Amino acid sequence: MENKKDSRPINFSRTTITELMIPSYANFGGKIHGGILLSLMDKVAYACASKHSGAYCVTVSVDTVDFLKPVSVGELVSLKASVNYVGNSSMVIGIKVISEDVKTGKVNHTNTSYFTMIAKGDDDKPFTVPKLILETPTDLRRFVEAIYRRKFKRSYGESLKDIKSHWEDEDIKALLKNERCINKADL
Ligand SMILES: CC(C)(COP(=O)(O)OP(=O)(O)OC[C@H]1O[C@@H](n2cnc3c(N)ncnc32)[C@H](O)[C@@H]1OP(=O)(O)O)[C@@H](O)C(=O)NCCC(=O)NCCS
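With UniProt numbering applied, the sequence shown covers 1 to 187.
See the structure below:
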C-alpha cells in the first residue's frame, strides 16, 4: 500500500516520553527493572514510528541495549526518540534514555538504542513510509550510521553462520581453554 505523504522532516515525529519511577517498578535490589525501561523504549519507538509513517507499526528488531547506569525509584526517566533512517516499510528509531534525580537535578545517560519498526497497512502488509528529510549534519550522520549498522549486522550474522558450519573439536577445545566452564558435553 502507498503512503499519501511523500516525505517528512525528522522534527515531525520527534517524541519524548517522561515517566516518574515508582516503587512498583523496582527489583529486589531497589533499582528499576530493565524490563520497565525496555517497555518504555518500545512505547516511544512506536509513537515516533507511527507518527512518521501515519500507520500502525510493529517492532522487528532492537540493536543492543546496554544499561550503563542503574535507575532509582523517585527518578524521572526521559526517553527521546527520533527517526534515524527509513527504508521502504522499515524505520530505525534512535532512542536516548536519561534519568534525572529530581532532588539534586543530576542527570545520567542510561542508554542509547536503535529500534527497527515496520509500518503496516490496513491489509496487515508492510506499508511504504514517507522519505526522511535530512536537515542537519547530525541527521545525515545518524542516517549513514544506520546504514552501516545494518551492514555490520548482516555480516555478523553471516560470519557466525560460517563459523558454525565448520567448527572443529580442536578449535572448540582451544576456545574453551581459558573460559570458566567444565565441559562434559559432546559437540
Ligand atoms: C516485521 C515483519 C512484518 C516483517 O515481515 P517480512 O516477511 O520479513 O517482510 P519483508 O521481507 O517484506 O520485510 C519488511 C521490512 O522488514 C525489514 N526486516 C525484516 N526483518 C528484519 C530484521 N530482523 N531486522 C531489521 N529489519 C527487518 C525488511 O528489511 C523490510 O524492510 P524495508 O521494507 O524497509 O525494505 C514480520 O517479521 C513480523 O510480523 N514480525 C513480528 C513483529 C511483531 O509482532 N513485533 C512485536 C513483537 S511481540
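Just so you know, even glycine gets a beta-carbon here, dropped at the ideal spot from N, CA and C. None of these values were measured; they are calculated from a predicted model.
Residue i versus residue j - alpha carbon distance
i	j	result
K151	E145	10 Å
E19	A49	20 Å
E2	G121	Residue confidence for E2 is low, a pLDDT of 49 falling below 50, so the modelled location carries little weight; the figure read from the coordinates is stated next. If I take the Cα positions, the gap works out to 9 Å.
L79	G29	23 Å
T16	K43	10 Å
V62	V83	14 Å
residue 211	I36	Not covered by the structure: residue 211. The range shown for the chain is 1 to 187.
Cβ-heavy atom distance, residue i to ligand 1, below 7 Å
i	result
P126	yes
G35	no
N111	no
S39	no
S90	yes
residue 190	Outside the modelled stretch of the chain, which goes from 1 to 187, sits residue 190, for which no answer is possible.
Residue i: first and last residue of the uninterrupted alpha helix (DSSP H) it sits in
i	result
Y156	137-165
S53	34-53
A174	169-176
Where the beta strand (DSSP E) containing residue i begins and where it ends
i	result
Y56	56-63
K106	That residue, K106, is in no beta strand (DSSP E); it is neither H nor E in DSSP.
Worksheet item: For the region 170-177 against the region 119-133, are there 3 or more C-beta pairs whose distance is under 8 Å?
Response: Judged by pairs of C-beta atoms under 8 Å, the region 170-177 does not touch the region 119-133, as fewer than three such pairs exist.
Discussion item. Contact between the region 65-73 and the region 127-147 is defined here as three or more beta-carbon pairs at a separation below 8 Å; is this criterion met?
Written reply: Too few Cβ pairs lie closer than 8 Å, so no.
Discussion item. With a threshold of 8 Å, are at least 3 pairs of Cβ atoms found where one atom belongs to the region 106-116 and the other to the region 153-171?
Written reply: Judged by Cβ distances under 8 Å, the region 106-116 makes no contact with the region 153-171, as fewer than three pairs qualify.
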